[in-house]
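Residue numbers (the numbering used here), protein chains in the order written: chain A, 53 to 338; chain B, 3 to 223.
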């Protein structure tokens with residue numbers, strides 16, 4: 053630098069160089085002490101010591117509350133496991149299905165462990181991990197309604213929980229058939245209340261939810277009719293779309309949950325005996 | 003602030019669906035006002051009748067409509083009556099809930115308006131040979147509606163905004179319901195609700211403008 057002045061101002065130039073290098077050293081050491089300037093979400097979580105998860109607690113057996121009003125369920129345990137892996141405290145933040153995204157984007161939570169179906173439309177907005185669970189769906193009907201297979205949904209008044217994969221599927225079917233009526237209710241409890249009251253002829257819900265609700269005896273006069281013919285409803289963890297560090301970490305975490313047998317353990321604890329769904333898809337890499 | 007990129011194009015593509023929803027919202031609001039005004043006049047007559055039972059019914063209606071959340075009233079019109087085996091569609095439940103609320107508030111507006119009309123008005127009608135009902139119909143009612151006109155427009159605004167509670171009873175064709183549906187599909191929460199908010203604002207402004215024009219046209223002395 054300043055080569056044309058070097059001869060006449062050698063001393064000055066040297067002094068200046070020294071000044072700059074001193075400054076550089078000071079800056080570098082300051083940066084090293086305070087951490088990198090562009091900490092990502094993964095760094096933030098580790099630094100803060102808390103992982104805040106959005107969980108839907110109106111969706112047993114994935115999320116619900118126990119008799120002491122404490123959060124419980126597959127998703128709650130999954131959040132706790134993730135926090136333990138990160139070496140931080142887990143904080144469960146209850147949201148409804150439609151509230152997951154505002155909670156995430158406004159920074160109230162770090163991730164949503166909330167059985168979020170990984171549609172391509174949604175992946176334009178938020179970042180999905182690989183699937184951590186997969187649901188099959190069942191058709192549940194009011195006992196007073198004649199139904200023997202899922203095709204009898206045609207022409208019926210049906211409903212499902214707003215914002216879920218099964219609701220999107222069911223509304224699409226009603227549009228396709230051009231008859232019948234679809235009603236999205238704001239939570240799972242209202243859907244089953246309406247079904248038990250006979251306001252709805254039938255609903256589609258995950259097999260897990262259907263079995264839990266029929267077994268609970270909270271809703272009179274409902275029966276499981278048939279499986280719904282959907283592609284398995286793969287669900288992923290979600291966070292902000294650009295948080296690659298966190299998404300990478302969570303992908304590995306999901307892989308480890310399966311490989312260590314924790315996935316099967318949680319399945320048995322919350323869903324019951326049997327094989328948990330296969331999370332891989334034959335014939336494609338991811 | 004938000005660590006988020008706003009994507010308006012995705013929302014503009016859905017604008018026709020949202021505007022269709024806005025029409026349903028308007029339709030319910032207008033119907034609930036028309037029926038609500040008729041019911042409120044009826045409640046006012048009940049209260050004026052001096053009949054204990056009718057007066058009690060009117061009083062109870064006004065008390066419940068004004069002192070419980072509109073959400074509760076709409077929820078009751080759907081899930082509440084269903085436990086007695088009466089099933090209303092979400093559209094009907096929402097209309098009933100808002101109409102019930104409107105009638106209660108409007109009856110109170112009318113009661114206030116009646117106080118502003120001197121007793122001598124009805125009495126001079128009677129002295130001209132009108133029956134009590136005729137005097138009410140031809141002398142008192144027009145003045146009452148005129149005095150209560152601006153509070154009525156206020157209630158109309160409330161009716162529009164209350165339609166957003168329809169989602170709790172499974173409504174998905176009104177503006178708010180359509181927005182919720184699109185939100186579930188695309189997760190574009192902020193853009194969608196911002197646009198819905200703008201449409202609601204525009205509808206309300208339109209109502210205010212219309213009432214100004216009507217008032218200016220009708221109430222010139």
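Just so you know, even glycine gets a beta-carbon here, dropped at the ideal spot from N, CA and C.
*Under a three-way DSSP split, which group does residue 262/A fall into?*
Here the question's residue 262/A lines up with position 210 in the first chain. Reduced to three states, the DSSP call for residue 262/A is helix.
*Which chain A residues are close to residue 169/B, counting only those with a beta carbon under 8 Å from its beta carbon?*
Taking the first residue of the second chain as 1, we reach residue 169/B at position 167. Per Cβ cutoff of 8 Å: 214, 236, 238.
*Within 10 angstroms of the Cβ of residue 160/A, are there 16 or more other Cβ atoms? Answer buried if so, exposed if not.*
Counting from one through the first chain, the residue named residue 160/A turns up at place 108. Label assigned to residue 160/A: exposed.
*Quick one, which residues of the segment 90-122 of chain B are near chain A if we go by CB-CB under 8 Å, in chain order?*
Against chain A - using a Cβ distance shorter than 8 Å - the residues of the segment 90-122 of chain B are 91, 92.
_Through-space distance from residue 132/A to residue 140/A, alpha-carbon basis_ = To locate residue 140/A, count along the first chain from 1; it is residue 88. To locate residue 132/A, count along the first chain from 1; it is residue 80. The straight-line gap from Cα to Cα measures roughly 9 Å.
*Close beta carbons around residue 338/A, own chain, < 8 Å, minus the five adjacent residues each side*: As a first step, residue 338/A is located in the first chain; it is residue number 286 there, counting from the start. Closer than 8 Å at Cβ, skipping near neighbours: 182.
*Listed by chain order, chain A residues near residue 213/B by CB distance under 7 Å*: Counting from one through the second chain, the residue named residue 213/B turns up at place 211. Chain A residues near residue 213/B: none, gap ~33 Å exceeds 7 Å.
*Beta carbon of residue 108/A, beta carbon of residue 289/A: below 8 Å?*
Position 56 of the first chain, counted from the first residue, corresponds to residue 108/A. Position 237 of the first chain, counted from the first residue, corresponds to residue 289/A. The answer is no: Cβ separation not under 8 Å.
*Assuming residue 328/A and residue 188/A make a contact with CB atoms under 8 Å, what is their CB distance in whole Å?*
Stepping through the first chain from its first residue, residue 328/A is reached at position 276. Stepping through the first chain from its first residue, residue 188/A is reached at position 136. Between the beta-carbon of residue 328/A and that of residue 188/A there is about 11 Å, and that puts the pair past the 8 Å contact cut.
*Can you give, in chain order, each stretch of the beta strand (DSSP E) that sits fully within the segment 129-189 of chain A and has at least 3 residues?*
Listed in chain order, they are 141-146, 163-169, 178-187.
*Enumerate, from N- to C-terminal direction, the unbroken alpha helix (DSSP H) stretches of 4 or more residues contained entirely within the segment 240-316 of chain A.*
240-249, 259-268, 296-311, all fully within the segment 240-316 of chain A.
*List the DSSP bridge partners of residue 21/A.*
In the structure as shown, chain A starts at 53 and stops at 338, and residue 21/A therefore has no counterpart that could be examined.
*Between residue 43/A and chain B, is there a C-beta pair that is closer than 8 Å?*
The structure shown does not extend to residue 43/A, since chain A is modelled only from 53 to 338, so the question has no answer here.
*Between the CA atoms of residue 179/A and residue 294/A - distance to the nearest angstrom*: For the purposes of this step, residue 294/A is identified with residue 242 of the first chain, where counting begins at 1. For the purposes of this step, residue 179/A is identified with residue 127 of the first chain, where counting begins at 1. The alpha-carbon atoms of residue 294/A and residue 179/A are separated by roughly 7 Å.
*alpha helix (DSSP H) containing residue 162/B: first to last residue?*
Within the second chain, the letter at position 160 stands for residue 162/B. Per DSSP, the unbroken alpha helix (DSSP H) holding residue 162/B starts and ends at 151-164.
_Across the segment 129-147 of chain B and the segment 196-207 of chain B, are there enough close Cβ pairs to call them in contact, namely three or more that are closer than 8 Å?_
As far as the Cβ criterion goes, the segment 129-147 of chain B does not touch the segment 196-207 of chain B, which means the pair count is below three.
*Are the beta-carbon atoms of residue 184/B and residue 201/B separated by less than 8 Å?*
Counting from 1 along the second chain, the entry for residue 184/B is found at position 182. Counting from 1 along the second chain, the entry for residue 201/B is found at position 199. Against a cut-off of 8 Å, the Cβ pair of residue 201/B and residue 184/B comes out as no contact.
_For residue 116/A, list the residues DSSP reports as bridge partners._
The residue given as residue 116/A occupies position 64 in the first chain. Partner residues in the beta bridge of residue 116/A, as assigned by DSSP, are 124/A.
*Please name the residue, chosen from 250/A, 112/A, 146/A, that lies closest to residue 86/B on a Cα-to-Cα basis.*
As a position in the second chain, residue 86/B is number 84, starting the count at 1. Ranking 250/A, 112/A, 146/A by Cα distance to residue 86/B puts 250/A first.
*From this set, 123/A, 263/A, 199/A, which residue's C-alpha is nearest residue 323/A's C-alpha?*
Taking the first residue of the first chain as position 1, residue 323/A is located at position 271. When each option's Cα is compared against that of residue 323/A, the closest is 263/A.
*By DSSP, does residue 338/A sit in helix, in strand, or in coil?*
Translated into positions along the first chain, residue 338/A becomes position 286. Note: residue 338/A maps to coil in three-state DSSP.
*Flag this pair as touching only if the segment 94-110 of chain B and the segment 72-81 of chain B have three or more C-beta atom pairs under 8 Å; answer yes or no.*
A contact exists between the segment 94-110 of chain B and the segment 72-81 of chain B.
*Which class does residue 104/A belong to by DSSP, given the choice of helix, strand or coil?*
On the first chain, residue 104/A is found 52 positions in, with the first residue counted as 1. Strand.
*How big is the Cα-Cα spacing for residue 244/A and residue 134/A?*
As a first step, residue 244/A is located in the first chain; it is residue number 192 there, counting from the start. As a first step, residue 134/A is located in the first chain; it is residue number 82 there, counting from the start. The alpha-carbon of residue 244/A is positioned some 32 Å away from that of residue 134/A.
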